[in-house]
Structures are given as C-alpha cells and as structure tokens.
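S.K.: Just dropping this structure here.
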Amino acid sequence: MQKITLVTLQLLLLLAFTRCSKPQYAGADLAKTDYRQEINQYGITWTFDKPVQSGQFITGDWWVVGPVTVVKITPEPGPIRTDATNIKINHWGDTSLKTDTAMRNGSMIVLKVGTRQSYDSRSGSYSPDGVIKLPLQLAPNRSLISSISNTTLPVDNFAKNILPESEKKCQNVMKTAAVLTCLTAVPPRDAFRPPYAGTEKPIFQARNINWKNLPQLKPAGEVPNWAEFERYFQRPWLDHLMSWEQQELVPNENGPNYGREHARLVSMASLMLLLDVPQAQKEKLAIGLIQRGIDLYGLAQVGGYWNEGGGHSSGRKWPILFASIMLDNPTLTQLPETAFFHEDTQTYYGKGWFGQNALYWMVMHHGKRDHYEEKPPEQWEKWDKTSESYRLCCNAVAWTGTALAARYLKAIKRWNHDAHFDYIDRWMRLDDPYASARGTHPRPKAETTTFDPFVTAMWRAHRDKAPAQEMAGNPRMWVWQGNKGNWIPNPQ
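The opening residue of the sequence shown carries number 150 in this note's numbering; numbering runs sequentially from there.
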C-alpha cells in the first residue's frame, strides 16, 4: 500500500510539473498536430527514432514537441569525393571560397552569432566545431537548421529579377535551408515561428496583427508582382554569420546574399503593404516580413550587429520595427546596445563641403574608414573615393522605401536615428539648394532616385503627404574607438 501511494504521489507531482511547465496561450486554438517519424521541407528530410508530435507554424516551418531524437538527415551531411567548384575572384581580388571536400549539406544549432558556420566547407568561414553529429538529442527551445549544398557554381542569384545581367549569377555554396523548431508544447494555430537563433523561443501570434496600422495609399508606378514577393519572404533568410563571407555562403533559394538587396526587397515589400488593396492580398507578404523581423530580433538578442562593408549590412533594422508595430508588441524593439545597424552607423550630422549637414560615411571596408564628406573632392584620398562610390551604388538607393514606410507608420521616433531620415531627404530632393556651392563638381546623377522605379514613384507621390510626427531627438554618431566602435552625442 505504501509503495502504491508513493507511485501515485510521483505521478501527481509529474502531472503538476507538466501542467506548470507548458506555456499557456490565452484564448488560443492550438495548432493542428500529428505524429510523424519523418518531416520533409524544401528537399530536406529529418528522420526520428520514433513518431513525434509535430505541426507547422503559420509560415509553413515545422515544429516538434520535444525532446526528440533525430537519427537521420537527408541529403546526408558530410564529406564528398570530388569538388567541381569553379571559384571566381571578385573585383576586389577577394574570395571567401576554397576547394575543400570536408562538408556539404551541414546542419547547425545557432546559439549565438559569429563568424563561423558548419554548413559547407568551401567557405572560408567553415568550422567543424558546430557540426551536428547524429543521433542528435534535440532539446526543447532549440532550432535545428539543416541545409542542402549546391553541387556546381555559379547558380542563379536569389534576387536575379531585380539585378543587372552582370549580377544575375552568384557563387553561393548553399542551395536551401529549413528550420525545425523544438518546443515544450503545442503552439497556437496562428503562431509565427520563433527566432531560429538562441534558446529563447517567444511565440508571437498572427491574431495580434493590427491591420489598422497600415495606411491605404494610392499605388504609384508599377506595383511589383505579389506572388513573386511572397516567395521572396517564404523561407528563412540565414543571417547569423557576421561577416561579408555570407555573400558567397547563404542559400540562393532562401534569401538575398547582399545587404543592398536585403534593403531593396524589404523596401518594396513594405511599400506594397501600405497600398490600398484588400487585406487578404497583403496577408501572406505581411506574415513573411513580420517573420523576418522576428528572426532579426532573435539574432540581435544573441549578439547580432550589422555594420560590415560598404553595402553588406543594410536592411536589417526596419523588419524588426515593422514586426513590433504590426503586432503592437514593444518587446521587439527592446534591443541590446550591441545591435547597431548600417543605416544608423553610416549617417550622422556634420558640416559637409558644399553645405549639406546630413552626411554619409563608409564605416568599414578592408579595415576602418574615416569621414570624408567634410572635405572637397580635391582632397579625397583613395578610400574616400571608394566611400563615395558606395554612397552612390549601394545605400540610399536601397534605403529609401523603408524610410518612407517608417514615416507612414509614424516610426521615426521608434527608429531613433534622425540623421538617417534627413540623409534620405537630402538624397531624394529634386531641387538642389547647394548647386552654387558645388563649383565644378555637379550633383551625382544617382541622387534623386532609387534602383527600383516603384519605390521612386511612391516617394514622389507620397513623401510630402507623410504624417507629421515627433523626431527622436538626442542624435548620436557612431565612431571608432580603437578597434571597436561606440556611440557619442552628435548635436546638429
């Protein structure tokens, strides 16, 4: 009798613990669930030692209730016999690739950002330290990222439809990737996938999307194809490698490989969502962009920062703010000070050589760089000229759409870097109040426009009608302090 009582007590304690340990979702219908021994997505298959409780987030990504044991991943990760990679050098004389057969189709559990990855050994960023060994005991609050490698190079660039002919091909060694999230319990039916990085797996729900936050603007120019943009934001954009080397690594079927295109796609998607079209037409794209913001929020929490190169790091800030606004969830904007962004670090207030006061500089490219817009072009050195070339080719031309979207969602104060918005206004301004001060240096032809006619048309039609709002104030400037950077006051 005493033994039975003890067993009963143990069962009651276990039941109580289980009930307390499972997250509760107020008023939530739980997701459809099934038991599977295999899960397939994007050509990747995860096989378990036994059927596991599983289902899909609203994004289509898979979850399992864990812990679970993964016994097989296909395509099989590991070495190959031969390497047919044809490595090309870029215009800087650089490549991040090498001939190496040690790893293809790798998987990772990303607990923090860094400069190393374990997906494909052709990249100079490869490290065997993160290689997943099977069988894998996948614990709750962990995300398994699995990949398929490209077998030949070059391949189609993910953003080829918006790129010139010379950039339609790329040498990204990864083809695709999928995320399997292990949870403690079945999530709500309308749950977004939590961030793929880190051990915190917050659940955000589509029922909390506040569609009233979106204005209903009249379309201007030719609106991009909705199905095409839904596909752009369908799969996870891997972004945990804090290095320019991701340009030749990340899956070419998942997301863009260069920051300029990150920003361009986010700009166009954001402006599409501001249009006067039915909500049903916006839903899939909005969910994809919000999911992108959730992933970036998670990356920022585990050390993510975006300040690499002339144009590599653009487009990461606005998706986080957009997700916060659309979900009415200020938690998403509570980012660590280590999470600095390209659009902010590269813009500041100063006294430019022809009278401009919202200035640009290229913070880092093959080493630390210096301010240059204060000097007349006759005094520019080699890297000053390179900075100017990146100013013209790769930044404001991609940032403009998100700046306009932020104005219409009354997010300037939330963005918290006024110089960025003033710089975009300087770039897009049609008249030139500084013409006489330029002397023999005419205004660059690249200014007043963007790479994307839809963005330019929307700016021309709607910038002057954007709602008045409070600026952030307290301007800051990012500066080098030794080998690290920091923010200092930057009064106008």
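Beta carbons are placed, not taken as given, at the ideal position from N, Cα and C, and that holds for glycine.
Which first and last residues belong to the beta strand (DSSP E) in which M626 is found?
M.R.: As a position in the sequence shown, residue 626 is number 477, starting the count at 1. Where M626 is concerned, the enclosing beta strand (DSSP E) stretches over 625–630.
S.K.: Which residues in the same chain have their Cβ closer than 7 Å to the Cβ of I127, if we skip the five residues on either side of it in sequence?
M.R.: A query on residue 127 cannot be resolved here, the shown segment of the chain reaching from 150 to 641 and no further.
S.K.: Quick one, are the C-beta atoms of T218 and Q286 less than 7 Å apart?
M.R.: Translated into the one-based positions of the sequence shown, residue 218 becomes position 69. Translated into the one-based positions of the sequence shown, residue 286 becomes position 137. Result yes, Cβ atoms of T218 and Q286 sit closer than 7 Å.
S.K.: Which partner residues does I665 have in the DSSP bridge list?
M.R.: Because the chain here runs from 150 to 641, residue 665 falls outside it and cannot be looked at.
S.K.: With a 10 Å radius around its C-beta and 16 neighbouring C-beta atoms as the bar for buried, classify K477 as buried or exposed.
M.R.: Here residue 477 corresponds to residue number 328 of the sequence shown, with the count starting at 1. Per the sequence shown, residue 477 should be read as Asp rather than Lys. Label assigned to D477: exposed.
S.K.: Since I193 is in the beta strand (DSSP E), which residue starts that stretch and which ends it?
M.R.: Against the sequence shown, residue 193 aligns to sequence position 44. Where I193 is concerned, the enclosing beta strand (DSSP E) stretches over 193–205.
S.K.: Using CA coordinates, which residue listed in E379, P368, N406 is at the minimum distance from M323?
M.R.: For this step, residue 323 is matched to residue 174 along the sequence shown. If we check each option's Cα against that of M323, N406 comes out closest.
S.K.: Under a three-way DSSP split, which group does Y275 fall into?
M.R.: The count along the sequence shown starts at 1 and reaches residue 275 at position 126. Correct three-state label for Y275: strand.
S.K.: Among residues of its own chain, excluding the 5 on either side of Q641, which ones have a beta-carbon nearer than 8 Å to its beta-carbon?
M.R.: Sequence index remark: in the sequence shown, residue 641 carries index 492 (1-based). Here the set comprises Y498, N506, P624.
S.K.: How many angstroms separate the CA atom of T223 from the CA atom of I436?
M.R.: Position 74 of the sequence shown, counted from the start, is the residue given in the question as residue 223. Position 287 of the sequence shown, counted from the start, is the residue given in the question as residue 436. Going from the Cα of T223 to the Cα of I436 covers about 28 Å.
S.K.: Pick helix, strand or coil for K562, following the three-state DSSP scheme.
M.R.: Here the question's residue 562 lines up with position 413 in the sequence shown. Three-state result, K562: helix.
S.K.: Note down, in chain order, each residue of its chain lying with its Cβ closer than 6 Å to the Cβ of L541, except the 5 sequence neighbours on either side.
M.R.: As a working note, residue 541 is residue 392 in the sequence shown. Cβ within range, chain order: P593, A595.
S.K.: Are Y572 and F503 closer than 7 Å when you measure CB to CB?
M.R.: Position 423 of the sequence shown, counting from 1, holds the residue named residue 572. Position 354 of the sequence shown, counting from 1, holds the residue named residue 503. Not closer than 7 Å, so no.
S.K.: For D493 and N359, what's the separation of their Cα atoms in angstroms?
M.R.: Taking the first residue of the sequence shown as 1, we reach residue 493 at position 344. Taking the first residue of the sequence shown as 1, we reach residue 359 at position 210. Distance between the alpha carbons of D493 and N359: 27 Å.
S.K.: Please state whether the Cβ-Cβ distance between P289 and L332 is less than 7 Å.
M.R.: Within the sequence shown, residue 289 is the residue found at index 140, counting from 1. Within the sequence shown, residue 332 is the residue found at index 183, counting from 1. In this structure, L332 lies closer than 7 Å to P289 by Cβ.
S.K.: With C-beta atoms as the reference, is A621 less than 7 Å away from N544?
M.R.: The count along the sequence shown starts at 1 and reaches residue 621 at position 472. The count along the sequence shown starts at 1 and reaches residue 544 at position 395. No, they are not a contact pair.
S.K.: Here's the rule: buried if 16 or more other CB atoms are within 10 angstroms of the residue's CB, otherwise exposed. What is N321?
M.R.: Walking along the sequence shown from the start, residue 321 turns up at place 172. Per the 10 Å Cβ criterion, buried.
S.K.: Cβ atoms of V415 and A346: under 7 Å apart, would you say?
M.R.: The count along the sequence shown starts at 1 and reaches residue 346 at position 197. The count along the sequence shown starts at 1 and reaches residue 415 at position 266. Against a cut-off of 7 Å, the Cβ pair of V415 and A346 comes out as no contact.
S.K.: Please confirm whether P624 has its beta-carbon closer than 7 Å to some beta-carbon of chain C.
M.R.: In the structure shown, chain C does not exist; there is a single protein chain.
S.K.: What does the alpha-carbon distance come out to for the pair N306 and N403?
M.R.: Translated into the one-based positions of the sequence shown, residue 306 becomes position 157. Translated into the one-based positions of the sequence shown, residue 403 becomes position 254. Distance between the alpha carbons of N306 and N403 is about 10 Å.
S.K.: According to the Cβ coordinates, are I561 and Q618 closer than 7 Å?
M.R.: Looking up residue 561 in the sequence shown gives position 412. Looking up residue 618 in the sequence shown gives position 469. Yes.
S.K.: DSSP three-state label for R592, please.
M.R.: For the purposes of this step, residue 592 is taken as the residue at position 443 of the sequence shown. It is coil, neither helix nor strand.
S.K.: Using the three-state DSSP reduction, which class does M417 fall into: helix, strand or coil?
M.R.: Counting from one through the sequence shown, the residue named residue 417 turns up at place 268. In the structure shown, M417 sits in a helix (DSSP, three-state: H, G or I).
S.K.: Quick one: residues in its chain with C-beta nearer than 8 Å to the C-beta of K524, no 5 flanking neighbours on either side, listed in chain order?
M.R.: Here residue 524 corresponds to residue number 375 of the sequence shown, with the count starting at 1. Contacts found: W502, D533.
S.K.: Residues in the same chain with beta-carbon distance under 7 Å from K431, minus the five sequence neighbours each way, listed in chain order, please.
M.R.: As a position in the sequence shown, residue 431 is number 282, starting the count at 1. Result list for K431: L422, in chain order.
S.K.: Please return the same chain residues whose Cβ sits closer than 6 Å to the Cβ of N635, not counting the five positions on each side in sequence.
M.R.: Translated into positions along the sequence shown, residue 635 becomes position 486. Answer for N635: no residue qualifies.
S.K.: List the endpoints of the continuous beta strand (DSSP E) containing W211.
M.R.: Numbered from 1 along the sequence shown, position 62 holds the residue referred to as residue 211. W211 -> beta strand (DSSP E) spans 211–214.
S.K.: Please return the same chain residues whose Cβ sits closer than 6 Å to the Cβ of V280, not counting the five positions on each side in sequence.
M.R.: By one-based count along the sequence shown, residue 280 stands at place 131. Only S267 meet the Cβ criterion.
S.K.: What is the rounded straight-line gap between the Cα of A554 and the Cα of W548?
M.R.: Numbered from 1 along the sequence shown, position 405 holds the residue referred to as residue 554. Numbered from 1 along the sequence shown, position 399 holds the residue referred to as residue 548. Whole-angstrom Cα-Cα distance: 10 Å.
S.K.: Assign M323 to one of three DSSP states: helix, strand, or coil.
M.R.: Within the sequence shown, the letter at position 174 stands for residue 323. Strand at M323.
S.K.: How about L445 and I469: do their beta carbons lie closer than 7 Å?
M.R.: Position 296 of the sequence shown holds residue 445. Position 320 of the sequence shown holds residue 469. Yes, these two residues count as a Cβ contact at 7 Å.
S.K.: Between which two residues does the alpha helix (DSSP H) carrying E492 extend?
M.R.: For the purposes of this step, residue 492 is taken as the residue at position 343 of the sequence shown. That run of the alpha helix (DSSP H) goes 491–494.
S.K.: Hey, how far is the Cα of P336 from the Cα of A327?
M.R.: Locating residue 336 in the sequence shown gives position 187, where the first residue counts as 1. Locating residue 327 in the sequence shown gives position 178, where the first residue counts as 1. When rounded, the distance between both Cα atoms is 19 Å.
S.K.: Tell me the DSSP secondary structure of G408 in three-state form.
M.R.: What you label residue 408 is simply residue 259 of the sequence shown in a count that begins at 1. Three-state result, G408: helix.
S.K.: Whose CA, out of E397, I297, M513, lies closest to the CA of K633?
M.R.: Looking up residue 633 in the sequence shown gives position 484. The candidate whose alpha carbon is nearest that of K633 is M513.
S.K.: Starting from T223, trace the beta strand (DSSP E) both ways and give me its first and last residue.
M.R.: Indexing the sequence shown from 1 puts residue 223 at position 74. Where T223 is concerned, the enclosing beta strand (DSSP E) stretches over 217–223.
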